[in-house]
Ligand code: C2E
Ligand code: MG
Ligand code: MG
Ligand code: MG
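In full-length UniProt numbering, the protein residues as written are 320 to 603.
Following this line, the structure appears as structure tokens:
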């Protein structure tokens, strides 16, 4: 329960409220404060082009840097942020930060990179979503083609008129769309035809055992082939080993992301990588 008073919400609880909801309530209050105090920060993980092993973009991944609890992973707080609606202001901040950072690197003379930003379904379904994207691009001065929105199949699959309209507007703005965690959500593929997304990110659960599990190998092979036929960029997520990389190269996968090249790093560390033109060594 919550009450509104003077614009601030405060909370009270019933004696029968269980421990879990108390814990959640507490977290929610902390989450709200964290946003005001600027305790969130973005890490960047390189997206590597397998044609030449160079960095072609980066995914922004949010972290909560709590003064006492330390670094908290998004798996812990994104679901709660979604439940409470805090994901909207938080997501706006993330979007802005990622665009400003990408623009700053461009202005420093680095090669143009495309920054990928994770978009929660709650954000996507906000009536103001497209105008938020538009404003963020304007305010940051970033070329729309250098912003990629990562959405999950669940969002893209919903073929209601609102989703269609939003996708079309985003497309006419010129931003890119990736389907994140591809293969783990709904099985309907018809949206791929309807929306012409830019990239399919093959979920890391298929990549993990790709060199030992025949079924995963078959799925990954088929997804890469399908992407190629549809002229959609294929990207393998969570590539950790040289063996996985060799498999993906042999199948003609376009791009990879994973510890085999780099884990997500701070903006400073990422800048160091692009300054040194860090490259993935490819045996061909
Ligand atoms: P995701 O979008 O699928 O992001 C990829 C996740 O895989 C990241 O976890 C990344 O650190 C991890 N990863 C990358 N390479 C490897 C690898 O080689 N091995 C393994 N084991 N893991 C790898 P992270 O940063 O903990 O993020 C988890 C999820 O939280 C993301 O999955 C995304 O769904 C969500 N998330 C992260 N940042 C944001 C954000 O800014 N907004 C929203 N809405 N969600 C976010
Ligand atoms: Mg993602
Ligand atoms: Mg993913
Ligand atoms: Mg994921």
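No residue lacks a Cβ here, since even glycine has one placed at the ideal position from N, Cα and C. Note that the structure is a prediction, hence the values are computed from the model and not measured.
Supposed close pair residue i, residue j - CB separation, criterion 8 Å
{"i": "residue 521", "j": "residue 555", "result": "5 Å"}
{"i": "residue 496", "j": "residue 467", "result": "7 Å"}
{"i": "residue 366", "j": "residue 576", "result": "5 Å"}
{"i": "residue 413", "j": "residue 381", "result": "6 Å"}
{"i": "residue 502", "j": "residue 538", "result": "7 Å"}
{"i": "residue 379", "j": "residue 436", "result": "5 Å"}
{"i": "residue 465", "j": "residue 430", "result": "Not confirmed; about 11 Å, so no contact."}
{"i": "residue 492", "j": "residue 453", "result": "6 Å"}
Residue i versus residue j - alpha carbon distance
{"i": "residue 343", "j": "residue 415", "result": "27 Å"}
{"i": "residue 604", "j": "residue 361", "result": "Nothing about residue 604 can be reported from this structure: the residues present for the chain run from 320 to 603 only."}
{"i": "residue 391", "j": "residue 473", "result": "26 Å"}
{"i": "residue 517", "j": "residue 528", "result": "26 Å"}
{"i": "residue 592", "j": "residue 354", "result": "29 Å"}
{"i": "residue 405", "j": "residue 345", "result": "14 Å"}
{"i": "residue 351", "j": "residue 341", "result": "15 Å"}
{"i": "residue 372", "j": "residue 541", "result": "23 Å"}
{"i": "residue 320", "j": "residue 447", "result": "In this predicted model, residue 320 has a pLDDT of only 34, less than 50, meaning its place in the structure is not dependable; the value taken from the coordinates is given anyway. Taking the straight line from one Cα to the other gives about 27 Å."}
{"i": "residue 579", "j": "residue 562", "result": "10 Å"}
{"i": "residue 643", "j": "residue 544", "result": "Because residue 643 is not part of the residues shown, which for the chain are 320 to 603, the question remains open."}
{"i": "residue 601", "j": "residue 523", "result": "21 Å"}
{"i": "residue 427", "j": "residue 456", "result": "18 Å"}
{"i": "residue 514", "j": "residue 385", "result": "39 Å"}
{"i": "residue 589", "j": "residue 374", "result": "10 Å"}
{"i": "residue 368", "j": "residue 573", "result": "6 Å"}
{"i": "residue 485", "j": "residue 363", "result": "27 Å"}
{"i": "residue 605", "j": "residue 411", "result": "As displayed, the chain neither begins before 320 nor continues past 603, which places residue 605 out of reach and without an answer."}
{"i": "residue 471", "j": "residue 397", "result": "14 Å"}
{"i": "residue 432", "j": "residue 337", "result": "47 Å"}
{"i": "residue 535", "j": "residue 434", "result": "28 Å"}
{"i": "residue 526", "j": "residue 557", "result": "7 Å"}
{"i": "residue 587", "j": "residue 597", "result": "14 Å"}
{"i": "residue 490", "j": "residue 571", "result": "27 Å"}
{"i": "residue 383", "j": "residue 438", "result": "17 Å"}
{"i": "residue 567", "j": "residue 599", "result": "14 Å"}
{"i": "residue 565", "j": "residue 481", "result": "41 Å"}
{"i": "residue 370", "j": "residue 519", "result": "17 Å"}
{"i": "residue 460", "j": "residue 569", "result": "39 Å"}
Option nearest residue i by Cα separation, candidates the options
{"i": "residue 462", "options": "599, 412, 494, 535", "result": "494"}
{"i": "residue 377", "options": "454, 500, 424", "result": "424"}
{"i": "residue 419", "options": "386, 410, 458, 383", "result": "458"}
{"i": "residue 408", "options": "451, 429, 394, 434", "result": "451"}
{"i": "residue 530", "options": "559, 553, 504", "result": "559"}
{"i": "residue 509", "options": "433, 369, 483", "result": "483"}
{"i": "residue 358", "options": "470, 465, 364, 393", "result": "393"}
{"i": "residue 552", "options": "566, 590, 499", "result": "499"}
{"i": "residue 512", "options": "492, 487, 481", "result": "487"}
{"i": "residue 469", "options": "417, 570, 454, 460", "result": "417"}
{"i": "residue 505", "options": "490, 519, 477", "result": "477"}
Residue i CB to nearest heavy atom of ligand 6 below 7 Å
{"i": "residue 578", "result": "What this structure holds is ligand 1, ligand 2, ligand 3 and ligand 4, not ligand 6."}
How would the residue list near ligand 3 read, in chain order, if you kept each one whose beta-carbon is closer than 7 Å to any heavy atom? 499, 500, 520, 522, 523, 556
Inter-stretch contact at 8 Å, needing at least 3 Cβ pairs: the region 434 to 451 / the region 395 to 414: yes
State whether the region 533 to 548 contacts the region 582 to 589, with contact taken as three or more CB pairs (one from each stretch) at a distance under 8 Å. no
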